[in-house]
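> Let me give you the structure first, and then I'll get to my questions.
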Amino acid sequence: MNIKVSVLFMVCLCGAGVSAQDTDAGPQMYVGGVIWDTDPQAIVNGKLLRQGDTIQNSTVQRIDDEGVTFTYQGKTFRKRVGEGSSSHLSWGIPVASLKQSRVPARSDFFHSMARELITKAQASYTQAQEAYARVEEEAALQYYDAAIRNAQGAYAYANETERRPIQQFMKTCSERIHQIRGEPTKVDDVGAHQLANPEAIASWMSAHIAYRSDEKVQQKRDYWQAPHETLMLESGDCEDLAFLAQAFLEEIGVSSLVVMIEDKEKKSAHAMCVFGRTPPYNCFDGTTLHLVNKETIEDLVEGLYPGYYIVNRYVAHTPRSIPLFDSNGDVIIP
0 MNIKVSVLFM
10 VCLCGAGVSA
20 QDTDAGPQMY
30 VGGVIWDTDP
40 QAIVNGKLLR
50 QGDTIQNSTV
60 QRIDDEGVTF
70 TYQGKTFRKR
80 VGEGSSSHLS
90 WGIPVASLKQ
100 SRVPARSDFF
110 HSMARELITK
120 AQASYTQAQE
130 AYARVEEEAA
140 LQYYDAAIRN
150 AQGAYAYANE
160 TERRPIQQFM
170 KTCSERIHQI
180 RGEPTKVDDV
190 GAHQLANPEA
200 IASWMSAHIA
210 YRSDEKVQQK
220 RDYWQAPHET
230 LMLESGDCED
240 LAFLAQAFLE
250 EIGVSSLVVM
260 IEDKEKKSAH
270 AMCVFGRTPP
280 YNCFDGTTLH
290 LVNKETIEDL
300 VEGLYPGYYI
310 VNRYVAHTPR
320 SIPLFDSNGD
330 VIIP
């Protein structure tokens, strides 16, 4: 199967505040890209829309390679890819677009596109300090891989609202972790106070860290806490506990991965920390340790959460079955 993509990338310049201007009637719209799979979808004002969907009292009438046609108060107006008001994206300006391109139906096609577009952007904008992609709000994670970050000096942003680089989440408060490793705990496991193995880490986390949602802890729909934040708050949700488990595992030299999963209907998402870079694989699910010794990470996920699959992000809703980060916070691309 082939996927056809029209997408817009943006580059931030020092002091740049340039915005594209509307050329058509109707409400202000910004078409960031068009994605083709079984049916066309468009990224409009940061949201993923299909034909018949509405936004700002306008209905999507037609999506094609070049852009989107809307109906508004009985009249039609059109926005092309990259055209429209980008004032709500004041942190960037459009530099390039890729139209009518056919790429394999693989979930990492965004990376190959990013490399090509960044090369073009560097040639035209030598002052560029940062490059990143703006994709639909539904995406679980949007980021560049390490090669792109190193080439462009850009960071991957894990949270669209907070705009905090992924690597910040893997920077731990070393003094605090070493202090905790030396503290006596209430658990009876031998050596647990030293956090010398996964079992001891699980015992300590179960005794000292509680699961609490972002709404209760941060008063936000979604917020990713760094490991030292979770230690300070003594609580967090699934991804916060996964990052904390990974931080402790890193301290004792155990390789681990933070893995995001969703069910096939995309009604529920979850995160856990899988350790072992080669089989067998085991995991922390919150503060619970699962020593299941699976041959693949996919088998581990299926055994604990039937009907879920590992996701990296959604581009044309293509599932991606790979882990997300290594213990340095770098994206793992096969």
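Under numbering that gives the first Met the number 0, residue 333 is the last one in the sequence shown; the count climbs by one each step, no gaps.
Built from N, CA and C at the ideal position, the CB exists for glycine as well.
#1: Can you give the Cα-Cα distance for Gln60 and Val43, rounded to whole angstroms?
#2: Which two residues bound the contiguous beta strand (DSSP E) that contains Glu261?
#3: Rank Ile54, Pro39 and Ser57 by C-alpha distance to the C-alpha of Asp64 and give the top, closest one.
#4: What are the start and end residues of the beta strand (DSSP E) that includes Pro278?
#5: So Ile54 and Leu48 are supposed to be a Cβ contact under 8 Å. How far apart are they, rounded?
#6: Name, in chain order, the residues that DSSP records as bridge partners for Met271.
#7: Using CA atoms only, rank isn't needed, just tell me which of Leu240, Gly25, Ala41 and Thr295 is closest to Gly73.
#8: Is there contact here, the stretch 212 to 219 with the stretch 247 to 254, by at least three beta-carbon pairs under 8 Å?
#9: Report the residue from Glu238, Ile309, Pro305 and Asp262 whose alpha carbon sits nearest the alpha carbon of Phe283.
#10: In whole angstroms, what separates the C-alpha of Ile62 from that of Gly32?
#11: Grouping DSSP H, G and I as helix and E and B as strand, with all else coil, what is Val216?
#12: Candidates Gly285, Thr286, Ala244 and Pro279: which alpha carbon is nearest Asp298's?
#13: Below 8 Å between beta carbons: does that hold for Leu248 and Ile208?
#14: From the DSSP secondary-structure annotation, give me the bridge partner or partners of Cys282.
#15: Determine which residues share a DSSP beta bridge with Gly66 and list them.
#16: Which residues in the same chain have their Cβ closer than 6 Å to the Cβ of Met204, if we skip the five residues on either side of it in sequence?
#17: Should Gly51 go down as buried or exposed, given a rule of 16 or more other Cβ atoms within 10 Å for buried?
#18: Determine the DSSP secondary structure at Gly73, reduced to helix, strand or coil.
#19: Could you spell out the range, first to last residue, of the beta strand (DSSP E) harbouring Ile42?
#20: Count the other CB atoms, across all protein chains shown, that sit within 10 Å of the CB of Ser57; report buried if there are 16 or more and exposed otherwise.
#21: Hey, Gly302 and Asp262: beta-carbon distance below 8 Å or not?
#22: Alpha carbon to alpha carbon, how far is Tyr71 from Val291? Give it in angstroms, no decimals.
#23: May I ask you to check if the CB of Tyr280 is nearer than 7 Å to at least one heavy atom of the ligand MG?
#24: Which first and last residues belong to the alpha helix (DSSP H) in which Leu299 is found?
#25: According to DSSP, simplified to helix, strand and coil, what is Leu194?
#26: For Asp239, report the span of its alpha helix (DSSP H) as first-last.
#27: Decide if Ala246 is buried, meaning its Cβ has at least 16 other Cβ atoms within 10 Å, or exposed.
#28: Would Ile200 and Ala244 qualify as a contact pair, given that the criterion is a beta-carbon distance under 8 Å?
#29: When DSSP labels each residue in this structure, what does Ile309 get in the three-state scheme?
Taking the definition as stated:
#1: Distance between the alpha carbons of Gln60 and Val43: 13 Å.
#2: Ser255 to Asp262
#3: Pro39
#4: Careful: Pro278 lies outside any beta strand (DSSP E) and carries neither H nor E.
#5: 6 Å
#6: For Met271, which the question treats as bridged, DSSP gives the partners Val258.
#7: Gly25
#8: no
#9: Glu238
#10: Going by the C-alpha atoms only, they are around 10 Å apart.
#11: helix
#12: Pro279
#13: no
#14: Val273 and His289
#15: Arg79
#16: Thr286
#17: The C-beta of Gly51 has fewer than 16 other C-beta atoms within 10 Å across all chains shown, which makes the residue exposed.
#18: coil
#19: Pro39 to Val43
#20: So Ser57 ends up on the buried side.
#21: no
#22: 56 Å
#23: Only the bare structure without any ligand can be found here, which leaves the ligand MG out of the picture.
#24: Ile296 to Leu303
#25: Three-state DSSP puts Leu194 in coil, outside helix and strand.
#26: Cys237 to Glu250
#27: buried
#28: Contact flag set, yes.
#29: strand
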